[in-house]
Amino acid sequence: MAFRGLMLCYILLLPYSLAFATSPKPVLQLHLMSFNNDNHLYFHELLISSLKAINQSVSITIYPETPQTRIIKYLNEGRISLHWMLQTPTRDTLYTPIRVNLTGGLIGTRLLLIPKGKAYIYQNINSLGEFRQLPVVGALGKSWYDAEVWKANALNYNPLEGDWRQVYKPLALGNRGVDYFPRGVNEILNEAAEHPDLMIEPRLALIYHRDFIFYLAKPYISYKDVIEKALKKAERSGLQAKLLNKHWGHTTRTLKLNSRVHLYLETP
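Here the sequence shown stands for residues 17 to 284, numbered as in the working numbering.
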């Protein structure tokens with residue numbers, strides 16, 4: 017009798033156990049930033065494709081371009097789920113880092129956006145020491161990690177406050193206290209095309225060893241493990257490399273990164 021009761025209990029519970037075992041994973045609600053120059057496309061595709069590869073469903077809401085200060089505000093408030101930023105100790109304490117490098121170190125390469133006709137200033141530079149001796153001043157956001165790197169390497173720069181996008185006009189004029197604007201490989205071609213009075217300095221590449229990672233806003237901390245799992249799988253499987261080549265392969269070849277003079281910067 018006890019055995020029959022036990023079997024009945026098992027039979028009654030079995031459908032619920034099966035339902036639990038086969039229930040779909042919760043859908044990740046992702047709120048992401050976009051940019052008018054499409055610089056977001058690689059990061060969006062990497063994130064979504066990586067999650068899809070582990071059968072994780074996502075729902076995506078895209079926000080239009082807004083100044084960097086407001087992006088940080090959105091992240092602090094949880095209006096966006098996550099954002100890709102250069103990994104720094106300070107950001108590691110403010111947000112939840114997903115510790116998977118997103119660009120294979122590519123983002124740590126800086127090229128110089130300069131006024132047209134000024135490439136001759138840099139044509140004989142072959143070392144960081146020689147670059148340091150030039151009478152030139154860079155333009156960097158006051159709170160950017162690049163500013164910390166430039167300071168640690170004793171390179172002159174002018175800290176930008178407010179919307180850094182206002183730098184292009186004074187840079188082009190050439191007499192406003194800034195001579196070059198260090199930009200990421202993923203950014204500089206679009207920006208040079210948008211500002212025809214500027215050009216990409218053709219010889220140098222300033223390199224430091226940091227990369228972009230995703231930082232989660234506080235309300236989305238529970239997403240950390242699944243996103244990390246997805247990104248690590250994408251790294252191992254070659255999906256990340258495939259997407260890097262799709263989005264930036266042409267860029268890296270156009271900029272001739274391998275044939276440039278590499279100036280390696282100390283990382284604070």
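Every residue gets a Cβ at the ideal spot worked out from N, C-alpha and C, and that includes glycine.
Query	Result
contact_flag[the segment 89-105, the segment 216-233] where n(CB pairs < 8 Å) is 3 or more	yes
R276 in three-state terms, based on DSSP	coil
Spatial distance of G190 from P131 (CA atoms)	7 Å
Beta-bridge pairing of Q45 - partner residues as DSSP gives them	S75
Inter-residue Cα distance where the pair is S238 and L44	10 Å
Other residues of its chain near V194: CB distance less than 8 Å, five sequence neighbours each side excluded	V153, G154, A155, N174, V183, P186, L187
Outcome for G178 when other beta-carbon atoms lying within 10 angstroms are tallied against a minimum of 16	exposed
Distance, D213 Cα to A170 Cα	28 Å
Where L110 falls: helix, strand or coil (DSSP)	helix
Paired residues, beta bridge with A221 - DSSP	H278
Buried or exposed by the 16-neighbour rule on C-beta atoms within 10 Å, applied to N172	exposed
The segment 216-224 touching the segment 119-138, judged by at least three CB pairs closer than 8 Å	yes
Cβ-Cβ distance between Y224 and L281 below 8 Å	yes
Pick from L150, Q149, P151, W166 that is closest to G157, judged by C-alpha positions	W166
Between the CA atoms of P151 and L144 - distance to the nearest angstrom	14 Å
Assumed close pair V116, I229 - CB separation to whole angstroms, cut-off 8 Å	6 Å
Validate contact between the segment 245-256 and the segment 198-205 using beta carbons, cut 8 Å, 3 pairs	no
Terminal residues of the alpha helix (DSSP H) in which H99 lies	Careful: H99 lies outside any alpha helix (DSSP H), inside the beta strand (DSSP E) at 98-102.
Between the CA atoms of I243 and H60 - distance to the nearest angstrom	13 Å
8 Å CB neighbourhood of L260 in its chain, flanking five on each side removed	Y58, T119, G120, L122
Local Cβ density within 10 Å of P83, reported as buried at 16 or more and exposed below that	exposed
Residue nearest to M101 in terms of C-alpha spacing, selected from T268, T267, H56	H56
Beta carbon of L222 nearer than 8 Å to that of R126	yes
Assigned secondary structure, P83 (DSSP; H/G/I helix, E/B strand, else coil)	coil
Residues near P80 in its chain [Cβ-Cβ closer than 7 Å; skip 5 each side]	S50
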